[in-house]
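Residue numbers (my numbering): 1 to 271.
All C-beta atoms, glycine included, are put in the ideal place defined by N, C-alpha and C.
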């Protein structure tokens, strides 16, 4: 068994129109496999036509919105790939209120398949209990998975993240089943793995944000109160190695979305 290095990205693009700034960011990032949340059909089509990637799949093609369903059903998840990665097939998780927010693809790396997922939990402020129900369904599905898997997710939680994950605060009691210290699945948070390998970086984060979060991927609230959050995650199965993970939330990214671009340099087993 040999290993293949890939760069995986996860980015909630905030239902924006595709601009040259998005293309510049992604060209600079040199991502091999990109998971995008809150993607309109027009954004997906424009990025697919840009030539940055060799293939793509949109959840809105697998589950097109009905004319009377409203804007929320016109925002889906997308996966884009290039290079030595090829798409085998794609599907949506069943039994969800918003199945178009749970895209699953089988991807080939060399001669070996792995599973790539793009998930987006509906905001609890808009959809209430649908949010924790979605997170639990995802966690249950992951618990049944076998083989190599990579997940990019905007989870809209935790409420407050701390260095000690057991001290995290949550919006809903069921959210830790996916992201907590003892989840019901075996996937791991790639950024926490990265920090365990980079003690100096972790020390700097603790000095800068002693009360968390470990990284800033979104700022919630309004002009009266703004709260830095880590809502965006890359999760991996145990057989996938972590070289580096970083959160790009610089000025160029902030001008293009209200979420950070998460970049994970991973090592995937191939035969």
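Helix, strand or coil: how does DSSP classify residue i here?
| i | result |
| --- | --- |
| residue 161 | coil |
| residue 15 | coil |
| residue 153 | strand |
| residue 81 | strand |
| residue 66 | coil |
| residue 113 | strand |
| residue 249 | coil |
| residue 127 | helix |
| residue 199 | helix |
| residue 26 | helix |
| residue 141 | helix |
| residue 214 | coil |
| residue 41 | helix |
| residue 174 | coil |
| residue 206 | helix |
| residue 98 | coil |
| residue 193 | helix |
| residue 278 | Nothing in the structure corresponds to residue 278, since the chain is present only between 1 and 271. |
| residue 105 | strand |
| residue 61 | helix |
| residue 21 | helix |
| residue 239 | coil |
| residue 265 | strand |
Tell me, to the nearest whole angstrom, how far the beta carbon of residue i is from that of residue j; I am working on the premise that it is less than 8 Å.
| i | j | result |
| --- | --- | --- |
| residue 21 | residue 263 | With a Cβ gap of about 17 Å, residue 21 and residue 263 do not count as contacting. |
| residue 268 | residue 25 | With a Cβ gap of about 24 Å, residue 268 and residue 25 do not count as contacting. |
| residue 194 | residue 136 | That belief does not hold up - the Cβ atoms of residue 194 and residue 136 are roughly 27 Å apart, past 8 Å. |
| residue 111 | residue 271 | 5 Å |
| residue 92 | residue 56 | Contact doesn't hold; Cβ gap of about 15 Å is too wide. |
| residue 165 | residue 180 | 7 Å |
Would you call the CB atoms of residue i and residue j closer than 9 Å?
| i | j | result |
| --- | --- | --- |
| residue 305 | residue 119 | In this structure the chain extends from 1 to 271, so residue 305 is not present and cannot be described. |
| residue 240 | residue 266 | yes |
| residue 99 | residue 107 | no |
| residue 17 | residue 41 | no |
| residue 90 | residue 52 | no |
| residue 178 | residue 202 | no |
| residue 115 | residue 82 | no |
| residue 249 | residue 216 | yes |
Just mark residue i as buried or exposed, buried being the case when its beta carbon has 16 or more other beta carbons within 10 Å.
| i | result |
| --- | --- |
| residue 318 | Any answer about residue 318 is impossible in this case: the structure gives the chain only from 1 up to 271. |
| residue 227 | exposed |
| residue 182 | exposed |
| residue 150 | buried |
| residue 225 | exposed |
| residue 88 | exposed |
| residue 161 | buried |
| residue 27 | exposed |
| residue 147 | exposed |
| residue 196 | exposed |
| residue 175 | buried |
| residue 49 | exposed |
| residue 9 | buried |
| residue 109 | buried |
| residue 173 | exposed |
| residue 212 | buried |
| residue 125 | exposed |
Task: Three CB pairs or more closer than 8 Å across the segment 216–233 and the segment 74–89 - done: no
Task: Inter-stretch contact at 8 Å, needing at least 3 Cβ pairs: the segment 61–73 / the segment 178–192 - done: no
Open item on the list: Taking contact to mean 3 or more Cβ pairs, one atom from each stretch, closer than 8 Å, check whether the segment 1–18 and the segment 122–133 are in contact.
Closed with: Taking a cut-off of 8 Å on C-beta distances, the segment 1–18 does not touch the segment 122–133, as fewer than three cross pairs fall below it.
Open item on the list: Three or more C-beta pairs under 8 Å: does that hold for the segment 107–119 against the segment 29–38?
Closed with: yes
Open item on the list: I'd like to know if the segment 247–261 and the segment 159–173 are in contact, where contact means that at least 3 CB-CB pairs between them fall below 8 Å.
Closed with: no
TODO: Could you tell me whether the segment 204–221 touches the segment 143–162, using the rule of 3 or more Cβ pairs below 8 Å?
DONE: yes
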